[in-house]
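S.K.: Pasting in a structure now, in structure tokens, and then I'll have a few things to ask.
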Amino acid sequence: MIQDFHTSSQKTVYWIGGTACFILLGYSLATLLIMTLIGGPPETIEQTFSILHDNKLAGLLRLDILTVFIMPLYYLLFYSLYIALKDSDKSISMISMILAFAGVTLFLATPSVFSYLHLSDRFTTATSDNQKNQLLAAGESILASDMWHGTGAKIGGLLLQTGALIISFLMLRTNIFNRATAITGIATHGLDLTHIILGFFSPALGNILMFIAGPLYLIWFPMVGFRLYKLRLAKD
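Quick note, the sequence shown lines up with residues 1 to 236 if you use our numbering.
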């Protein structure tokens, strides 16, 4: 009875993890389309307020509102990877999961699009230059600490990518995931981790690496997702 319960629980975890992978794949594709068709995040707070005022939906998309709701799926993905790989090396898989969890939590704790939305609404209704200048100053403060510029977000990204890189190397040592999945993961998260590190010193060079790493996610997510679905079926 206990064994049946564990088997049933693992099947559910694998299904959830596989589904999370394909949602993350859809998110990655959507992000590429948004950046191509609508544009990336605005560079100044004035642009941010203007975009939100002119077209709120486009502004929310350019400010990565999807990321706020999608990032928690990494909790589900890394827990499912821990369950899949813990019998191979429980300590390493646990460390990977903890690093990823800490990274996602730090990332989500930073100011997001909703902070800009509130200030933008107030900026639109402001009646004096003094009020507008105060709101612009508040916006600049948020811009410096948001999910793409703040220290918390960058440290969160380092932790998440380190955890993902560790789990990819663990995949390489086992037969749970095939070699292609492991190598793709090492390339994807290794480049993304290097991109974050270089971003502290040379943002332009870091962006080049992210330009390479980004499309690799479109390969890695379905590879992991399909394998988790197969692991679920293998439990039958």
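Quick reminder that beta carbons are idealized off the backbone N, C-alpha and C, glycines included.
Let me see if you follow: with CB-CB separation under 7 angstroms, is Gly199 close to chain B or not?
M.R.: The structure shown contains no chain B; it holds only a single protein chain.
S.K.: Specify, as a first and last residue, the run of the alpha helix (DSSP H) that Leu286 falls within.
M.R.: For the chain, the structure presents residues 1 to 236; residue 286 sits outside this window and is missing.
S.K.: Just the Cα atoms here: how many angstroms apart are Leu29 and Leu218?
M.R.: Counted from its first residue, the sequence shown places residue 29 at position 29. Counted from its first residue, the sequence shown places residue 218 at position 218. Whole-angstrom Cα-Cα distance: 8 angstroms.
S.K.: Quick one: does the C-beta of Ala20 sit closer than 6 angstroms to a heavy atom of the ligand COA?
M.R.: As presented, the structure is devoid of all ligands, the ligand COA included, so that no description of it is given.
S.K.: Under a Cβ-count criterion, where at least 16 other Cβ atoms within 10 Å of its own Cβ denotes burial, should Gly118 be classed as buried or exposed?
M.R.: Counting from 1 along the sequence shown, the entry for residue 118 is found at position 118. As written in the sequence, residue 118 is His, which differs from the Gly given in the question. His118 comes out exposed.
S.K.: Does Asp87 pass the burial test, meaning 16 or more other C-beta atoms within 10 Å, or should it be called exposed?
M.R.: Reading the sequence shown from its first residue, position 87 is the one you call residue 87. So Asp87 ends up on the exposed side.
S.K.: Using the Cα positions of Ala164 and Leu63, report the straight-line distance between them to the nearest angstrom.
M.R.: The residue given as residue 164 occupies position 164 in the sequence shown. The residue given as residue 63 occupies position 63 in the sequence shown. Approximately 25 angstroms, taken between the alpha carbons.
S.K.: Between Phe182 and Gly152, how many whole angstroms is the CB-CB distance? I'm expecting something under 8 angstroms.
M.R.: For the purposes of this step, residue 182 is taken as the residue at position 182 of the sequence shown. For the purposes of this step, residue 152 is taken as the residue at position 152 of the sequence shown. Note that residue 182 is Ala in the sequence shown here, rather than Phe. With 8 angstroms as the limit, Ala182 and Gly152 do not qualify as a contact, their Cβ atoms being about 30 angstroms apart.
S.K.: Work out the CA separation of Ile16 and Ile167 for me, nearest whole Å.
M.R.: Taking the first residue of the sequence shown as position 1, residue 167 is located at position 167. Taking the first residue of the sequence shown as position 1, residue 16 is located at position 16. Those two C-alpha atoms are separated by around 18 angstroms.
S.K.: Return yes when the Cβ of Leu73 is within less than 7 angstroms of the Cβ of Ala20, no when it is not.
M.R.: By 1-based counting over the sequence shown, the position of residue 20 is 20. By 1-based counting over the sequence shown, the position of residue 73 is 73. The answer is yes: Cβ separation under 7 angstroms.
S.K.: Give me the Cα-Cα distance between Gly156 and Ser112, rounded to the nearest whole angstrom.
M.R.: Looking up residue 156 in the sequence shown gives position 156. Looking up residue 112 in the sequence shown gives position 112. Cα-Cα distance, rounded: 14 angstroms.
S.K.: What span of residues does the alpha helix (DSSP H) with Phe123 cover, start to end?
M.R.: Sequence index remark: in the sequence shown, residue 123 carries index 123 (1-based). Start and end: 113–125.
S.K.: In three-state terms, what does DSSP make of Pro72?
M.R.: Here residue 72 refers to the residue found at position 72 of the sequence shown. In the structure shown, Pro72 sits in coil (DSSP, three-state: anything other than H, G, I, E or B).
S.K.: Which first and last residues belong to the alpha helix (DSSP H) in which Gly59 is found?
M.R.: What you label residue 59 is simply residue 59 of the sequence shown in a count that begins at 1. That run of the alpha helix (DSSP H) goes 56–62.
S.K.: Report the option in Leu198, Leu193, Asn207 whose CA atom is closest to the CA atom of Ala100.
M.R.: Your numbering for residue 100 matches position 100 in the sequence shown. Measuring from the Cα of Ala100, the nearest candidate turns out to be Leu193.
S.K.: Quick check on the burial criterion: 16 or more other C-beta atoms within 10 angstroms. Buried or exposed for Lys90?
M.R.: Counting from 1 along the sequence shown, the entry for residue 90 is found at position 90. Exposed: under 16 other Cβ atoms inside 10 Å.
S.K.: Does DSSP put Gln3 in a helix, in a strand, or in coil?
M.R.: Working through the sequence shown from its first residue, we reach residue 3 at position 3. Here the model assigns Gln3 a pLDDT of 40, short of 50, so the residue's position is not dependable and the matter cannot be decided.
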